[in-house]
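**Q** I'd like to ask some things about the structure below.
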Amino acid sequence: MRTRKHLVRLSAALCTVAGASLLAAGCGSEDSGETTTAAAAGGDLPAVKDYLTTHADSLAEQVDVLAANAETYYELAEAADFDYDALMEENCEEVSALLAESRDAFVRANPDYEEMEGIVAGVPRLAQYDVDIDAGADASDPENAVSFSLELPDGETMKQPGNLFFLTETALFGTNEELLADVEQDADCDGKVEFGQGIPDANTYVATLREFKAQAEALQADAAAFEPTPSDALTAITIMTPTMSEYFEAWKNSAFIAGSDAKEEGFVATSRLSDIADILSGIAFTYAEIEPMIAEEDPQQAKQTAAQLDELLAYVEGLRDREEAGEKFTGEDADTLGSEAQARAEEIAGQVTQAAQRLGIELQDA
5 MRTRKHLVRL SAALCTVAGA SLLAAGCGSE DSGETTTAAA AGGDLPAVKD
55 YLTTHADSLA EQVDVLAANA ETYYELAEAA DFDYDALMEE NCEEVSALLA
105 ESRDAFVRAN PDYEEMEGIV AGVPRLAQYD VDIDAGADAS DPENAVSFSL
155 ELPDGETMKQ PGNLFFLTET ALFGTNEELL ADVEQDADCD GKVEFGQGIP
205 DANTYVATLR EFKAQAEALQ ADAAAFEPTP SDALTAITIM TPTMSEYFEA
255 WKNSAFIAGS DAKEEGFVAT SRLSDIADIL SGIAFTYAEI EPMIAEEDPQ
305 QAKQTAAQLD ELLAYVEGLR DREEAGEKFT GEDADTLGSE AQARAEEIAG
355 QVTQAAQRLG IELQDA
């Protein structure tokens, strides 16, 4: 299952988000409001806020497309009395167009989120969004499970079914049979069942996108209200940078390396390498905004950390570009490359932790 656990980087796992903002609800770690006076005195970081709000707005826009298409798809299925053979016989072209547009919207939504994930997942008072939207497990793993359950139009409840990106992707791209309609999965009406195309179960799918829309809009509202501090920026970098090994493990288990033997149902629409590069780009942006403050105490160290972070990003981007150009990697390659990335990331995180100590800025607990 695509759980994307980021070292369980949350303390707000029981805060329910649907329809309400986390900041308004006061969710977050117990220590998130106890940063030092030095952190507060450092002022906010308007460029970081602009980066977050721009990405949250873009995510909400793409999820709106997904949700609207899900509603139309549900109406078509309902009109066919949920007889999916009849639905595809009578409305195949319309369904195919809806699903194709939705797959495209998903592919656009993915980097909209991944590029801001370093901030969302790395700041404790926002981190529940990452659990519910992108990282959380299902009810079988209660410690790491999402906070929501899905109320289906047919009256059934899916208790803590997993994160919303996983549910949406694996239904749209046909990799999770539990989320698919009981019909031949010929989503583009060409008479062939092809990998990467799914015909979702309408009840489950529309409930998923209703929840996704509520969560995306709540994140959008909280991003607009968010005033990032130096403590937020430094905390996000130290939490999110040294997570390379788990990302590379997900890449190893995905269809991009394992093919038909993939254990990972997610990461079908986009390679995990692309996600890693997007995450690191957001972390690099955040560091660039806090670097001048670090440089006031130790200019040489600030410059070195910036250079090493840029090198790590370039390293991952290079792997991504090689894969996109057709190079095939093995599971052993993923282990070796991931170990190298993790070692670099841990060194960077250690440097940023030391910088926070020198500045007298308290890092928040994940």
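The sequence shown maps to residues 5 to 370 in the working numbering.
Built from N, CA and C at the ideal position, the CB exists for glycine as well.
How far does the alpha helix (DSSP H) with GLN308 in it reach, from first residue to last?
**A** Where GLN308 is concerned, the enclosing alpha helix (DSSP H) stretches over 303-328.
**Q** Around the Cβ of ALA139, are there at least 16 other Cβ atoms within 10 angstroms (buried) or fewer (exposed)?
**A** With 16 or more other Cβ atoms within 10 Å, it is buried.
**Q** Am I right that ASN114 and ALA266 are in contact with their C-beta atoms under 8 Å? What's the rounded C-beta distance?
**A** Not a contact, Cβ separation roughly 18 Å.
**Q** DSSP state of LEU277, grouped into three classes?
**A** In this structure, LEU277 counts as helix in the three-state DSSP scheme.
**Q** Inspect the beta-carbon positions of SER275 and GLU328 and report whether they are closer than 9 Å.
**A** Cβ atoms of SER275 and GLU328: closer than 9 Å.
**Q** If you measure between the beta carbons of VAL356 and ILE241, is that distance less than 9 Å?
**A** Closer than 9 Å, so yes.
**Q** Going by the CB atoms, is the gap between THR340 and GLU443 shorter than 9 Å?
**A** An answer regarding residue 443 cannot be provided, because it is not within the stretch 5 to 370 covered by the chain.
**Q** Output the distance between the C-alpha atoms of LEU367 and THR245, rounded to the nearest integer angstrom.
**A** Spanning the two alpha carbons is a distance of roughly 14 Å.
**Q** Taking the C-alpha atoms as reference points, what is the distance between LEU313 and GLU182?
**A** Rounded to the nearest angstrom, the two C-alpha atoms are 40 Å apart.
**Q** Spatial neighbours of LEU316 within its chain, please: CB distance less than 7 Å, with the 5 preceding and 5 following residues excluded, ordered by chain position.
**A** Within the same chain, LEU316 has close Cβ partners LEU284, ALA345, ARG348, ALA349 and ILE352.
**Q** If you follow the alpha helix (DSSP H) that ARG362 is part of, which residue opens it and which one closes it?
**A** Here the alpha helix (DSSP H) through ARG362 covers 335-363.
**Q** Can you check DSSP and say which residues form a bridge with ALA149?
**A** Beta-bridge pairing links ALA149 to ALA141.
**Q** Grab the span of the alpha helix (DSSP H) containing LEU91 for me, first residue to last.
**A** From DSSP, the alpha helix (DSSP H) with LEU91 extends over 88-126.
**Q** Compare the Cα-Cα distances from GLU119 to each of ASP158, THR179 and LEU277 and report the closest residue.
**A** Comparing Cα positions, the closest option is LEU277.
**Q** Where does PRO50 sit, in a helix, a strand or coil, going by DSSP?
**A** DSSP places PRO50 in helix when its eight states are reduced to three.
**Q** Per DSSP, which one or two residues make a beta bridge with PRO204?
**A** Partner(s): LEU184.
**Q** Rounded to the nearest angstrom, what separates VAL187 and SER153 at their Cα positions?
**A** One C-alpha to the other measures close to 26 Å.
**Q** In the DSSP assignment, the alpha helix (DSSP H) including GLU253 goes from what residue to what residue?
**A** Note, GLU253: alpha helix (DSSP H), 248-257.
**Q** If we call anything under 9 Å between Cβ atoms a contact, is LEU223 one with TYR133?
**A** Going by C-beta atoms, LEU223 is nearer than 9 Å to TYR133.
**Q** Can you have a look at THR161 and say buried or exposed, based on whether 16 or more other CB atoms are within 10 angstroms of its CB?
**A** It counts as exposed.
**Q** What's the gap between the Cα of VAL124 and the Cα of ALA90?
**A** Approximately 43 Å, taken between the alpha carbons.
**Q** Opposite GLU155 in the DSSP bridges: which residues?
**A** DSSP lists THR161 as partners of GLU155.
**Q** CB-CB under 6 Å to ASP236, same chain, minus the five flanking residues each way: which ones, in chain order?
**A** Counting only Cβ-Cβ distances below 6 Å, and skipping sequence neighbours, we find VAL127.
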